[in-house]
Structure formats: structure tokens, C-alpha cells
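Undergrad: Mapping of the sequence shown onto the UniProt record's numbering: residues 1 to 368, in sequence order. Glycine residues also receive a C-beta, built at the ideal position from the N, C-alpha and C atoms. Got a structure for you, written out below as C-alpha cells; questions coming shortly.
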Amino acid sequence: MTVKKSKNGGAEAQIKKLREQIDALDVKIQALISERARLALAVAETKQQEGSNNFYRPEREAEVLRNVLARNQGPLSEEAMARLFREIMSACLALESRLRIAFLGPEGTFTQEAALKQFGHAVETAPLAAIDEVFREVESGNAHFGVVPVENSTEGVINHTLDMFMASPLKICGEVALRIHHHLLGKGNDPQGAHSVVSHQQSLAQCREWLDANLPGVKRVPVASNAEAARLAAADVGTLAIAGDTAAQLYGLHMFASNIEDRPDNTTRFLVIGTLETVPSGNDKTSLLLSSRNRPGALQRLLAPLAKNKINMTRIESRPSRQSMWEYVFFVDIDGHMKDRKVAKALADLEKEAAFLKRLGSYPKAVL
Ligand SMILES: O=C(O)C(=O)C[C@]1(C(=O)O)C=C[C@@H](O)C=C1
Numbered sequence: 001m002t003v004k005k006s007k008n009g010g011a012e013a014q015i016k017k018l019r020e021q022i023d024a025l026d027v028k029i030q031a032l033i034s035e036r037a038r039l040a041l042a043v044a045e046t047k048q049q050e051g052s053n054n055f056y057r058p059e060r061e062a063e064v065l066r067n068v069l070a071r072n073q074g075p076l077s078e079e080a081m082a083r084l085f086r087e088i089m090s091a092c093l094a095l096e097s098r099l100r101i102a103f104l105g106p107e108g109t110f111t112q113e114a115a116l117k118q119f120g121h122a123v124e125t126a127p128l129a130a131i132d133e134v135f136r137e138v139e140s141g142n143a144h145f146g147v148v149p150v151e152n153s154t155e156g157v158i159n160h161t162l163d164m165f166m167a168s169p170l171k172i173c174g175e176v177a178l179r180i181h182h183h184l185l186g187k188g189n190d191p192q193g194a195h196s197v198v199s200h201q202q203s204l205a206q207c208r209e210w211l212d213a214n215l216p217g218v219k220r221v222p223v224a225s226n227a228e229a230a231r232l233a234a235a236d237v238g239t240l241a242i243a244g245d246t247a248a249q250l251y252g253l254h255m256f257a258s259n260i261e262d263r264p265d266n267t268t269r270f271l272v273i274g275t276l277e278t279v280p281s282g283n284d285k286t287s288l289l290l291s292s293r294n295r296p297g298a299l300q301r302l303l304a305p306l307a308k309n310k311i312n313m314t315r316i317e318s319r320p321s322r323q324s325m326w327e328y329v330f331f332v333d334i335d336g337h338m339k340d341r342k343v344a345k346a347l348a349d350l351e352k353e354a355a356f357l358k359r360l361g362s363y364p365k366a367v368l
């Protein structure tokens, strides 16, 4: 008994000592964060004196986060360390100017998660019901930036987002890559007793194999979003939802099975849209909208300037042009920033070959 007591006493004393060290470090960290915030305010003042009211600088934020990752020695993971610095920058930016970010809602969607991953929590977020509403909110100046999904590694592109760029004057200012984990959620006790499983059609597709193996008799019903699915599951014990953590928490649902996506590397790419022309960050990509003249070998000829200038094309998607039948436009992503000499030369060559070329934006590659 005496030994145990002294052991406990020893452990408690040890914890007390460690906590004193933590307290002493917290004092220093806090003072440094305040000093950092004062410097950010000074940067804001300089921006204002220059006549600029673009306080958000995605290229600088990408650089800060890349430096953080390069320095990280553990024990915190890259994600954890980046998240902490993201929130520090978010709070600093909020001192300079509070941003309003429109995103494809409702609350609890993966797009909201992507918006918070990119901007941190010190922004005002505005959930909107459809992708075109997000574009309109930014175009009208009601929101500083918008976040929309564009591509999923299992199911491919989100055509609606690409189509919006044909007519919209907005630029792509950044991209966010988000690992997507889907869970089977509900209010009841036994998922086998459910009559239907609801989710966004992409999520149902991303969990197809799991559903075939585990819930073969349950009807699959596509709905507008995963968050909407969670809302429906919260209202009816016979309805199961496939959605992510945020929606599960928001609607207080029971998690019957976690990470049910067929591919463990399931990632969705989101775009940050706005009026800002992002300057080079040192590791950028450029998105273009192209259409070819209607003649044999047109696509090959169209892309030749990229090969000639040794530009790496990372993606190409074709979409009907909507101008005339059987004509296509191409969404092309290339490595580099349009201000890079090599890219600028390739774009000048491309312009001569293409019937139409729209520069959708150059922006930092997703950091994490
Ligand atoms: O460097 C700037 O331009 C800043 O305003 C500072 C800071 C930061 O906290 O590091 C804040 C907001 C910008 O988006 C980028 C960086």
C-alpha cells in the first residue's frame, strides 16, 4: 500500500513537472503567435497602402504550409501540423479581412470540409444548394471565394463544375484534395432491417462493391448530397445514409460501418473560384479551356505546342461545347504557372492553333 502510494505520488509529481514545462512552452508559443499576428497586420497595412484589397494570398499560404511540412520531424503527423498552421494563418487573415466563402452545401458536405481545409475556421461560410449558385454568389461579389467539387478519383469528373467555366468570368485560385471516407449511418439498431440506403449518386457508386456484398437487398436511392442523405436517415429509422464524419456528427447518427469506400485512396478534388489572379508559388498548375478547329487531327495539333515546349499535361477532359452539335471543348491541366516563361510561350503557340482558348487560372498545387 505504501509502495503503491509512493509510486502514484511519483507519477503525479512527474506529470506536474511535465505540465509545468508545457505551461512554460505555451507562454512562449502564445507570445510568438501574437507577434506573428502583429506582423500579418503590418503586411495588411502595406497591402492597403499599395491600394490592394486582396488580403488572401493562396500562393503565400501554400509556401508557408510547404515549409511547415518540410520542417516537420514528428511526433505530430503532417496533417496535424499543417492543420495547426492553417488555423494560425486563418486567424491572422481574419485580422486583415474576414472572408465569406460560398460552398456547395448543405452543412456537413465534403465540400464544406474542403472549404475549411483550405481557409481554416476563421471565415464565414455560406452553404448554397447548387454548383451554379456558388458561382453566382462569387460573381455577384456576395462571397469572396467559392469552393466546388471537380473530380473524384473513383468516379471521375463533376461535369456540372466544368460546364460552369464555359460562361463564367471566374478564375480558379486554388485546389484542395480531400481524402474521402464514407460511413454507413442510421438511427436504428440493425442495418439489415432498413428499406433503403440513400446518398449522393457518386457516393453510392464509390461504395458499390461494399453495398453489393453487405446490403444486397436494400434499395439504393440517390439524393442531392450526402448531408441531405444524413438528414433523411435522421428522420426515419428505415433509411440508411452513406456520408462522412461531419454529416454523422451534425445529425447524431450511429455509425454501422466505417470507411466503406471501395478504394482506400478515394480522393475528391475541389476548386477554389474567385476573381483573384494567383501569382506563382513555385509549384503550380494551370487550367485551360480549349476548343479545336473542326478538322482531321485537330486534337493532336491542338496539343502539339505543349509537347514542343516540354509542358507536362496532367489531365484532359472533353465536354460537348453546347454551341453546336458534335463539337467539343477540352479542359486541360498543365504543370507550371502561366507567368513561367516556358508556359507563357506554350500558351502563345496554343492560342494560334486553338479556335478558342480560355485561361481558367494558375494556382498552387494542393499541399496536402
Ligand atoms: O503574407 C501575407 O500576405 C499575409 O497576409 C500573412 C498570411 C499569414 O498569416 O502568413 C495571412 C494571409 C495570407 O493569405 C497569407 C499569409
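Helix, strand or coil: which one does DSSP assign to Glu79?
TA: Residue state, collapsed to three classes: helix.
Undergrad: By the three-class DSSP mapping on this structure, what secondary structure does Thr109 have?
TA: It is coil, neither helix nor strand.
Undergrad: Can you name the residues that DSSP bridges to Thr239?
TA: Note: Thr239 sits in a beta bridge opposite Ser196.
Undergrad: Which ranges would you report for the alpha helix (DSSP H) in the UniProt domain "Chorismate mutase" (9 to 100) if only whole runs of at least 4 residues count?
TA: 58 to 71, 78 to 96, all fully within the UniProt domain "Chorismate mutase" (9 to 100).
Undergrad: Out of curiosity, what's the CA-to-CA distance linking Met313 and Lys28?
TA: So the two alpha carbons sit approximately 46 Å from each other.
Undergrad: Which residues in the same chain have their Cβ closer than 8 Å to the Cβ of Leu204, if we skip the five residues on either side of it in sequence?
TA: Same-chain partners within the cutoff: Val197, Leu211, Arg220, Pro222, Ile242.
Undergrad: To which residues of the same chain is Leu95 closer than 8 Å at the C-beta, ignoring the five residues directly before and after it?
TA: Correct list, in chain order: Ala37, Ala40, Leu41, Ala44.
Undergrad: Report the three-state DSSP secondary structure of Glu327 (helix, strand or coil).
TA: If DSSP states are grouped into helix, strand and coil, Glu327 belongs with coil.
Undergrad: Out of curiosity, what's the CA-to-CA distance linking Lys345 and Leu303?
TA: One C-alpha to the other measures close to 13 Å.
Undergrad: Enumerated in chain order, which unbroken segments of the alpha helix (DSSP H) with a length of 4 residues or greater are wholly contained in the stretch 278 to 336?
TA: Counting whole runs of 4 or more residues, the stretch 278 to 336 contains the alpha helix (DSSP H) stretches 298 to 308.
Undergrad: Check whether the Cβ atoms of Asn72 and Glu63 lie closer than 7 Å to each other.
TA: Result no, Cβ atoms of Asn72 and Glu63 do not sit closer than 7 Å.
Undergrad: Rounded to whole angstroms, what is the Cα-Cα separation between Ile316 and Met338?
TA: Cα-Cα distance, rounded: 17 Å.
Undergrad: Taking just the CA atoms, how far does Val150 sit from Gln192?
TA: So the two alpha carbons sit approximately 34 Å from each other.
Undergrad: Within the present structure, is the beta-carbon of Tyr56 separated from the nearest heavy atom of ligand 1 by less than 6 Å?
TA: At least one heavy atom of ligand 1 is nearer than 6 Å to the Cβ of Tyr56, so yes.
Undergrad: Using 10 angstroms around the beta-carbon of Asp26, count the other beta-carbons present and answer buried if the total reaches 16, otherwise exposed.
TA: Result: exposed.
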